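Before any comments, here is the structure.
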Amino acid sequence: MFIVTIHDVKNIQKLKEAGADAIIIGVEGFSIRQSLAVALEDVKEMVLLCHAQHLKCYVNALRFFMEDELDLLKEFLKTCKEADVDGIYYSDEGVFYEAQKQGMESLLIYQPETLITNHMDIAFYLELGIQSVSLAHECSLEEILLMTKQNKEVEILISGYFSILYSRRMLVTNYLDAIKSNEKGHKKVLDLIESTRQDRMPIVEDDYGTHIFSEAPIQSQKELPVLKEHGLYRFRIDSIFMDDDWTIHVLNAYQNQSEVPGSNHWYYQTTMKKKEASHE
Numbered sequence: 071m072f073i074v075t076i077h078d079v080k081n082i083q084k085l086k087e088a089g090a091d092a093i094i095i096g097v098e099g100f101s102i103r104q105s106l107a108v109a110l111e112d113v114k115e116m117v118l119l120c121h122a123q124h125l126k127c128y129v130n131a132l133r134f135f136m137e138d139e140l141d142l143l144k145e146f147l148k149t150c151k152e153a154d155v156d157g158i159y160y161s162d163e164g165v166f167y168e169a170q171k172q173g174m175e176s177l178l179i180y181q182p183e184t185l186i187t188n189h190m191d192i193a194f195y196l197e198l199g200i201q202s203v204s205l206a207h208e209c210s211l212e213e214i215l216l217m218t219k220q221n222k223e224v225e226i227l228i229s230g231y232f233s234i235l236y237s238r239r240m241l242v243t244n245y246l247d248a249i250k251s252n253e254k255g256h257k258k259v260l261d262l263i264e265s266t267r268q269d270r271m272p273i274v275e276d277d278y279g280t281h282i283f284s285e286a287p288i289q290s291q292k293e294l295p296v297l298k299e300h301g302l303y304r305f306r307i308d309s310i311f312m313d314d315d316w317t318i319h320v321l322n323a324y325q326n327q328s329e330v331p332g333s334n335h336w337y338y339q340t341t342m343k344k345k346e347a348s349h350e
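Residue numbers 71 to 350, in my numbering, belong to the letters of the sequence shown in order.
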């Protein structure tokens, strides 16, 4: 099952023909890191367009919600339920709490970006009755296979840039103010260069905070057959910083076993390190 983000509604049919099984849309005021955002009142129309192409329609609701926004969140969830969306991505535990009260927790996909790194967390969230759990993007192939021995209802980002940090603080604006720069960083894609890294990492500041991304898009050409054989089936392709033509190319490449853009080095580096015993 290939789940893809979308940039232009006109490309729904093209994405379906390329092999997509589900589309992720953003909703104005509720999404972060989305490629396309529609108004809340247009969600129903998007669902109908996707379902007409026999595609599932998922909604990005990954932002954090404050206490004074709970009524807005409740209305959003009610609208999604009435629109018959197939799933809602969330990272704020408050979304689960409110969705559970409306009896729609089975629509939720938990995507906290960096937190799900072991089988116990997977089991805990799936036992809440949600649809799926998105694994941390930095997990190695060996770690993924180990932590999903018992539970296969997980989702893996197989192509695209992934978020490595999300802060509600306006870090770019604060930095530019500190160095007394006249440049505006809001909603622009800038590059972050760390002293311990050689590559540039995209950094974006929007209305909901600051987002830092991986230095290169991940790709899983060699690993995808292994993941499928292991019993996993939910694979996400995120086209942020790209376009729908890129997604179509990636979908075709996975199915034709041709070259997929990006890097697979994250699959072969250990992310869980043990503290060495002291010899002193």
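Each residue gets a CB set at the ideal place from its N, CA and C atoms; glycine is no exception. Everything numeric in this text was worked out from a predicted model, so none of it was measured.
Residue i versus the options, residue with shortest Cα-Cα distance
| i | options | result |
| --- | --- | --- |
| Asp162 | Glu137, Glu145 and His335 | Glu137 |
| Asp141 | Gln172, Ile158 and Val155 | Gln172 |
| Ser284 | Tyr128, Glu183, Lys254 and Met271 | Met271 |
| Lys80 | Leu106, Phe72, Glu98 and Gly99 | Leu106 |
| Thr280 | Tyr236, Ile318 and Glu115 | Tyr236 |
| Pro331 | Ser290, Gly99 and Lys114 | Ser290 |
| His77 | Asp91, Ala90, Gly89 and Ile95 | Ile95 |
| Glu139 | Leu262, Cys127, Thr187 and Gly99 | Gly99 |
| Asp276 | Asp156, Leu262, Ile263 and Lys258 | Lys258 |
| Ala90 | Met116, Gln123 and Val113 | Gln123 |
| Val155 | Ala92, Glu213 and Val117 | Val117 |
| Val113 | Ile158, Thr340 and Thr149 | Thr149 |
| Arg133 | Lys151, Cys120, Leu119 and Phe166 | Phe166 |
| Val108 | Val296, Ala131, His121 and Glu87 | Ala131 |
| Ile186 | Ile226, Leu246, Glu264 and Leu177 | Ile226 |
Residue i in three-state terms, based on DSSP
| i | result |
| --- | --- |
| Ile73 | strand |
| Asp261 | strand |
| Gln339 | coil |
| Ser176 | helix |
| Asp315 | helix |
| Val155 | coil |
| Ile249 | coil |
| Glu225 | strand |
| Ser333 | strand |
| Tyr236 | strand |
| Gly160 | Per the sequence shown, the amino acid found at residue 160 is Tyr instead of Gly. In the structure shown, Tyr160 sits in a strand (DSSP, three-state: E or B). |
Whether residue i touches residue j by CB criterion (8 Å)
| i | j | result |
| --- | --- | --- |
| Ile249 | Leu260 | no |
| Leu110 | Phe135 | no |
| Ile288 | Ser233 | no |
| Ser310 | Arg103 | Looking at the sequence itself, residue 310 is Ile, so the reference to Ser does not match. Cβ atoms of Ile310 and Arg103: closer than 8 Å. |
| Leu125 | Ile82 | yes |
| Glu223 | Leu196 | yes |
| Leu85 | Asp314 | yes |
| Ile228 | Phe305 | yes |
| Leu211 | Tyr337 | yes |
| Thr266 | Val74 | no |
| Glu175 | Leu143 | no |
heavy atom of the ligand MG below 7 Å from residue i C-beta
| i | result |
| --- | --- |
| Thr184 | Annotation note on the ligand MG: not contained in the displayed structure, which lists no ligands. |
Query raised in the report: Considering only residues of the segment 86-132, which uninterrupted alpha helix (DSSP H) runs meet the minimum length of 4 residues and lie entirely inside it, listed in chain order?
Result: 113-122
Query raised in the report: Quick one: any contact between the segment 314-323 and the segment 235-252, if contact means 3 or more CB pairs under 8 Å?
Result: no
Query raised in the report: Residue ranges of each beta strand (DSSP E) run of no fewer than 3 residues wholly in the segment 271-324, ordered along the chain?
Result: 271-276, 279-283 and 304-307
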